[in-house]
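> My questions all concern the structure below.
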Amino acid sequence: MKYDHLLVRYGELTLKGSNRKKFVNQLRDNVHRSLKGLDGFLVKGKRDRMYIELQAHADIDEIIQRLSKIFGIKSISPVIKIDKDLETINQAAVSFAQQFEAHSTFKIDVKRADKNYPMDTYELQREIGGAVLSNVDDITVNVKKPDHEIKVEVRLDAIYMYVDVVAGAGGLPVGTGGKTLLMLSGGIDSPVAGVEVMKRGVTIEAIYFHSPPFTSEQAKEKVIELTRILAERVGPIKLHIVPFTELQKQVNKVVHPRYTMTSTRRMMMRVADKLVHKIGAYAIVNGENLGQVASQTLQSMYAINSVTSTPVLRPLLTYDKEEIIVKSKDIGTFETSIQPFEDCCTIFTPKNPVTEPNFDKVVQYESTFDFEDMINSAVDNIETLTISSDYKTEKQQQTDDLINDFL
Ligand code: ATP
Ligand code: MG
Numbered sequence: 001m002k003y004d005h006l007l008v009r010y011g012e013l014t015l016k017g018s019n020r021k022k023f024v025n026q027l028r029d030n031v032h033r034s035l036k037g038l039d040g041f042l043v044k045g046k047r048d049r050m051y052i053e054l055q056a057h058a059d060i061d062e063i064i065q066r067l068s069k070i071f072g073i074k075s076i077s078p079v080i081k082i083d084k085d086l087e088t089i090n091q092a093a094v095s096f097a098q099q100f101e102a103h104s105t106f107k108i109d110v111k112r113a114d115k116n117y118p119m120d121t122y123e124l125q126r127e128i129g130g131a132v133l134s135n136v137d138d139i140t141v142n143v144k145k146p147d148h149e150i151k152v153e154v155r156l157d158a159i160y161m162y163v164d165v166v167a168g169a170g171g172l173p174v175g176t177g178g179k180t181l182l183m184l185s186g187g188i189d190s191p192v193a194g195v196e197v198m199k200r201g202v203t204i205e206a207i208y209f210h211s212p213p214f215t216s217e218q219a220k221e222k223v224i225e226l227t228r229i230l231a232e233r234v235g236p237i238k239l240h241i242v243p244f245t246e247l248q249k250q251v252n253k254v255v256h257p258r259y260t261m262t263s264t265r266r267m268m269m270r271v272a273d274k275l276v277h278k279i280g281a282y283a284i285v286n287g288e289n290l291g292q293v294a295s296q297t298l299q300s301m302y303a304i305n306s307v308t309s310t311p312v313l314r315p316l317l318t319y320d321k322e323e324i325i326v327k328s329k330d331i332g333t334f335e336t337s338i339q340p341f342e343d344c345c346t347i348f349t350p351k352n353p354v355t356e357p358n359f360d361k362v363v364q365y366e367s368t369f370d371f372e373d374m375i376n377s378a379v380d381n382i383e384t385l386t387i388s389s390d391y392k393t394e395k396q397q398q399t400d401d402l403i404n405d406f407l
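Reading the sequence shown from the start, the letters are residues 1 to 407 in the UniProt record's numbering.
Now the structure itself:
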């Protein structure tokens, strides 16, 4: 079948009024960005759905594949757009049915948005079904459980006919929901947490706490690569790399060993909080999960969270690890996340961290040093990279240059 359009259905159809306009405009921008580099298509975003007109040379599979990752799209169908005369409609339905496997069953499903069309839904179904039966061998009708449904939409401008419905990513278009700051560690969880919030339409910038020489350059490159994978979905993402060594050392100097983990997290939160205000974000997102490790008990979260009044979103709070791993594979970050480069916390992790930190004790340990200046200095010395889907680290670029020279 030679398709000439893609029909793109929006998610969350309950959105009304000016919200809908914002939603559709943002989705159109996101679709354009995602299809960059391809050609032979024209995007037409309407109020209730989007059509993508295809020229003969368009790579339809690649386009569908990219669209299926964009939040705000419920489903996609390759369709043919035809005139409203019966002869044309019947012929098109027959062409679809000729592609079904032998002995298959089918059903014609008509939706009639054009109420002035001379035939009603039932008449049309009978007419088109009859044409298929008389022109295609070895096929029968089954209205309850057909192998194939030929969908016929009678709209004002034309008739759209299709069989396949490809599931989209759902959610809301990224860019319609304000900005958040994602704490991105290089582990399995935080990239998944980022995608979960993006699904609700928010934009992310990422923050990574880097403690050289305790954490290697590879650990940082891993975070850059994770950001790059997320950018494939939503376009360029800012990654803020915080020089965290001094703070981490200082915590280990003044805080009781069993409490260094809690206190380190509190320092991260204080830095993140300052950055949130600087970049105009409204929330911090992290990959915390209830009960996984010492730093993720309720008591810990209470102690860590108390340094900020900014909302801290934890989209993975109640997930099982298995569920997170499935999602991580799905979004394509798993292979990178499991590379064995330590993050700043593993290095300093005490053998026996307290799992139920006493809030007053943490505060008391920290009160022996004025951390504020160090925190401000960490914020002032943040290195910010803008990572797009084709981002290359200096090392990757050098390797590429060497290969090119050699060729
Ligand atoms: P992840 O798989 O995301 O690393 P985790 O199960 O290892 O999570 P923790 O190490 O306790 O859990 O970290 C909890 C959360 O704190 C992480 O999901 C991340 O959001 C944040 N975090 C931890 N370390 C860093 C870091 N070095 N830079 C930025 N964020 C961090
Ligand atoms: Mg981790």
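For each residue, glycine too, the CB sits at the ideal point set by N, CA and C. A quick note: this is a predicted structure, and the numbers were derived from the prediction, not measured.
Using 10 angstroms around the beta-carbon of Lys111, count the other beta-carbons present and answer buried if the total reaches 16, otherwise exposed.
Walking along the sequence shown from the start, residue 111 turns up at place 111. Flag for Lys111 reads exposed.
> Which same chain residues end up closer than 7 Å to Gly280 when comparing Cβ atoms and leaving out the 5 residues on each side of it in sequence?
Sequence index remark: in the sequence shown, residue 280 carries index 280 (1-based). Lys179, listed in sequence order.
> Alpha carbons only, please: which of Gln91, Asp400, Ile76 is nearest the one belonging to Gly129?
Position 129 of the sequence shown, counted from the start, is the residue given in the question as residue 129. Ranking Gln91, Asp400, Ile76 by Cα distance to Gly129 puts Gln91 first.
> Would you check whether ligand 1 has a heavy atom nearer than 7 Å to the C-beta of Met301?
Position 301 of the sequence shown, counted from the start, is the residue given in the question as residue 301. No; taking the cut-off as 7 Å, the Cβ of Met301 has no heavy atom of ligand 1 nearer than that.
> Buried or exposed for Leu172, please, with buried defined as at least 16 other CB atoms from any protein chain shown within 10 angstroms of its CB.
By one-based count along the sequence shown, residue 172 stands at place 172. Burial call: buried.
> Under 8 Å: do the region 49-69 and the region 254-261 share three or more Cβ pairs, one atom per stretch?
Result no; under three Cβ-Cβ pairs closer than 8 Å.
> May I ask you to check if the CB of Asp189 is nearer than 7 Å to at least one heavy atom of ligand 1?
For this step, residue 189 is matched to residue 189 along the sequence shown. Yes; taking the cut-off as 7 Å, the Cβ of Asp189 has a heavy atom of ligand 1 nearer than that.
> Pull up the distance between the alpha-carbon of Lys22 and that of Ile237, whole angstroms please.
Position 22 of the sequence shown, counting from 1, holds the residue named residue 22. Position 237 of the sequence shown, counting from 1, holds the residue named residue 237. If you take the alpha carbons of Lys22 and Ile237, they lie about 21 Å apart.
> What are the boundary residues of the alpha helix (DSSP H) that includes Arg66?
Walking along the sequence shown from the start, residue 66 turns up at place 66. Segment 60-67, the alpha helix (DSSP H) holding Arg66.
> Could you compute how far the alpha carbon of Arg266 sits from the alpha carbon of Val254?
For the purposes of this step, residue 266 is taken as residue 266 along the sequence shown, with counting starting at 1. For the purposes of this step, residue 254 is taken as residue 254 along the sequence shown, with counting starting at 1. Computed Cα separation, rounded: 14 Å.
> Can you tell me whether Arg126 is buried or exposed? The criterion is at least 16 other CB atoms within 10 Å of its CB, across all chains shown.
Here residue 126 is taken as the residue at index 126 of the sequence shown, counted from 1. Exposed, because fewer than 16 other Cβ atoms sit within 10 Å of the Cβ of Arg126.
> When you compare each of Asp320, His277, Pro243 to Ala378 by their alpha carbons, which one comes out closest?
Within the sequence shown, numbered from 1, the residue matching residue 378 stands at position 378. With distances taken between Cα atoms, Ala378 lies closest to Pro243.
> Which value, in whole angstroms, describes the spacing of the CA atoms of Phe371 and Ser306?
Indexing the sequence shown from 1 puts residue 371 at position 371. Indexing the sequence shown from 1 puts residue 306 at position 306. In a straight line, the C-alpha of Phe371 is about 16 Å away from that of Ser306.
> From Ser328 to Arg228, what does the alpha carbon distance come to, in whole angstroms?
To locate residue 328, count along the sequence shown from 1; it is residue 328. To locate residue 228, count along the sequence shown from 1; it is residue 228. Distance between the alpha carbons of Ser328 and Arg228: 14 Å.
> Does DSSP put Gly291 in a helix, in a strand, or in coil?
Here residue 291 corresponds to residue number 291 of the sequence shown, with the count starting at 1. Three-state result, Gly291: coil.
> Distance cutoff 8 Å, beta carbons only. Does Gly194 sit that close to anything in chain D?
No chain D appears in the structure shown, which is made up of a single protein chain.
> Any chance the CB of Ser295 is under 7 Å from a heavy atom of ligand 2?
Working through the sequence shown from its first residue, we reach residue 295 at position 295. Because no heavy atom of ligand 2 lies under 7 Å away, the Cβ of Ser295 does not count as near it: no.
> To test your reading of the DSSP string, which unbroken beta strand (DSSP E) runs of 3 or more residues are found completely within the region 88-117?
Segments of the beta strand (DSSP E) lying fully in the region 88-117: 105-112.
> Check for me: the beta strand (DSSP E) holding Lys238 runs from which residue to which?
Residue 238 sits at position 238 when you count from the first residue of the sequence shown. Unbroken beta strand (DSSP E) run through Lys238: 237-243.
> Rounded to whole angstroms, what is the Cα-Cα separation between Leu38 and Met301?
Your numbering for residue 38 matches position 38 in the sequence shown. Your numbering for residue 301 matches position 301 in the sequence shown. If I take the Cα positions, the gap works out to 46 Å.
> Taking Asp85 as the reference, which of Thr140, Ala158, Lys74 has the closest Cα?
The count along the sequence shown starts at 1 and reaches residue 85 at position 85. Of the listed residues, the one whose Cα sits closest to Asp85 is Ala158.
> Taking all protein chains shown into account, do 16 or more other C-beta atoms lie within 10 angstroms of the C-beta of Arg270, making it buried, or fewer, making it exposed?
The residue given as residue 270 occupies position 270 in the sequence shown. So Arg270 counts as buried.
> Which residues bound the beta strand (DSSP E) around Pro191?
Numbered from 1 along the sequence shown, position 191 holds the residue referred to as residue 191. It is not in any beta strand (DSSP E) - Pro191 instead sits in the alpha helix (DSSP H) that spans 189-198.
> Cβ atoms of Gly287 and Val195: under 8 Å apart, would you say?
The sequence position of residue 195 within the sequence shown is 195, counting from 1. The sequence position of residue 287 within the sequence shown is 287, counting from 1. No, Cβ-Cβ distance for Val195 and Gly287 is not below 8 Å.
> From Ile80 to Lys274, what distance separates their C-alpha atoms?
Numbered from 1 along the sequence shown, position 80 holds the residue referred to as residue 80. Numbered from 1 along the sequence shown, position 274 holds the residue referred to as residue 274. When rounded, the distance between both Cα atoms is 53 Å.
> Label Asn289 either buried or exposed according to how many other C-beta atoms from any shown protein chain fall within 10 Å of its C-beta, with 16 as the threshold for buried.
Here residue 289 refers to the residue found at position 289 of the sequence shown. Buried.
> Taking the alpha carbon of Glu101 as the point to measure from, which residue in Asp147, Ala131, Asp61, Val141 has its own alpha carbon closest?
Stepping through the sequence shown from its first residue, residue 101 is reached at position 101. When only C-alpha atoms are compared, the closest one is Asp147.
> Is it the case that the region 161-175 contacts the region 70-79, given that we only count it when at least three CB pairs across the two stretches are under 8 Å?
In short, these stretches touch, since the Cβ pair count reaches three.
> Would the beta-carbon of Lys222 fall within 8 Å of that of Gln339?
Residue numbering aside, residue 222 sits at position 222 when the sequence shown is read from its first letter. Residue numbering aside, residue 339 sits at position 339 when the sequence shown is read from its first letter. Cβ distance < 8 Å, so Lys222 and Gln339 count as in contact.
> For the structure I just gave you, are there three or more beta carbon pairs, one from the region 205-216 and one from the region 307-317, closer than 8 Å?
As far as the Cβ criterion goes, the region 205-216 does not touch the region 307-317, which means the pair count is below three.
> Who does Phe41 pair with in a DSSP beta bridge?
Position 41 of the sequence shown holds residue 41. Paired residue(s): Leu54.
> For ligand 1, any of its heavy atoms closer than 7 Å to the Cβ of Gly287?
The residue given as residue 287 occupies position 287 in the sequence shown. Yes, the beta carbon of Gly287 sits closer than 7 Å to at least one heavy atom of ligand 1.
> Give the single residue among Glu246, Thr318, Tyr319, Glu232 whose Cα lies nearest to the Cα of Gln65.
Walking along the sequence shown from the start, residue 65 turns up at place 65. Cα-wise, what sits closest to Gln65 is Glu232.
> Can you tell which of Thr262, Val163, Asp164, Thr384 has the C-alpha that lies nearest to the C-alpha of Lys278?
As a position in the sequence shown, residue 278 is number 278, starting the count at 1. For Lys278, the nearest C-alpha among the options comes from Thr384.
> Could you check which residue in Leu239, Gly187, Leu124, Asp405 has the C-alpha nearest to that of Phe341?
Residue numbering aside, residue 341 sits at position 341 when the sequence shown is read from its first letter. Nearest C-alpha to Phe341: Gly187.
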